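A quick write-up on the structure given underneath.
In this note's numbering, the protein residues as written are 6 to 258.
Next up, the structure:
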């Protein structure tokens, strides 16, 4: 039986209408939190995630917001407070940069600037004891030491810039008693990023699977993210490396 350790808590999970975000939302809701399921365009998909949570006895609401647009972050923060009474958990899962037609600065705008704006908006209401989880990839986390696939490099560099910008906020987070946790995973089977990368660079996912030994599924990675939520033994700014990091660490020295 799932423990209800998050009962009475409000959570925002960005980019949670599908994939890792949706799977994480279900796990967090199962522990009692009220979850804001965020989508950018696909409302029916987000509503389906909410329906699944509610059918399992959980609480959730679908909220449309583009984090790269002014007011997007505030919309999500306000939704958590309005529907669930507080915002105690922010999982920064939304990322991108390989999409066509979004402009050359889109990766940095989404993966760095929007993440910082989301955190700053959340800090206006988050109480002491809250947690922020930033979801990244090994390809991004280690990009300054280890080259990645050409098609993914702009995304990797922008996500590392986002991680660095959030770490720069740690003094503010310390003052407020809020924990930042970074969770880094390898390429994840079945995600949109993996699909786009394979399209841009055929064979890339097979090569990464061989190097890592195994690539996590969406559900497996979501479980790793959820397992970090509410941990009392984590240091500020802790980075959790999930699966397949050994070759990165070897190259990192």
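By construction, the Cβ of each residue, glycine as well, lies at the ideal position given by its N, Cα and C atoms. From a predicted model like this one, the values you see are computed outputs, not experimental measurements.
Length of the line joining the Cα atoms of residue i and residue j
i	j	result
residue 40	residue 137	14 Å
residue 149	residue 159	12 Å
residue 118	residue 19	14 Å
residue 88	residue 179	27 Å
residue 252	residue 217	7 Å
residue 68	residue 27	13 Å
residue 9	residue 22	23 Å
residue 154	residue 161	9 Å
residue 132	residue 51	27 Å
residue 166	residue 7	36 Å
residue 214	residue 241	31 Å
residue 144	residue 151	8 Å
DSSP beta-bridge partners of residue i
i	result
residue 319	Since the first residue shown for the chain is 6 and the last is 258, residue 319 is missing from the structure and cannot be characterised.
Cβ-Cβ separation, residue j to residue i (assumed contact under 8 Å), whole Å
i	j	result
residue 140	residue 175	At roughly 18 Å, the Cβ-Cβ gap does not stay under 8 Å, so residue 140 and residue 175 are not in contact.
residue 92	residue 127	6 Å
residue 115	residue 81	With a Cβ gap of about 15 Å, residue 115 and residue 81 do not count as contacting.
residue 25	residue 196	7 Å
residue 194	residue 221	7 Å
residue 142	residue 164	7 Å
Neighbour-count burial assignment, residue i, 16 or more Cβ in a 10 Å radius
i	result
residue 120	buried
residue 171	buried
residue 208	exposed
residue 45	buried
residue 54	buried
CA nearest to the CA of residue i, picked from the options
i	options	result
residue 190	229, 50 and 93	229
residue 65	46, 30, 94 and 156	30
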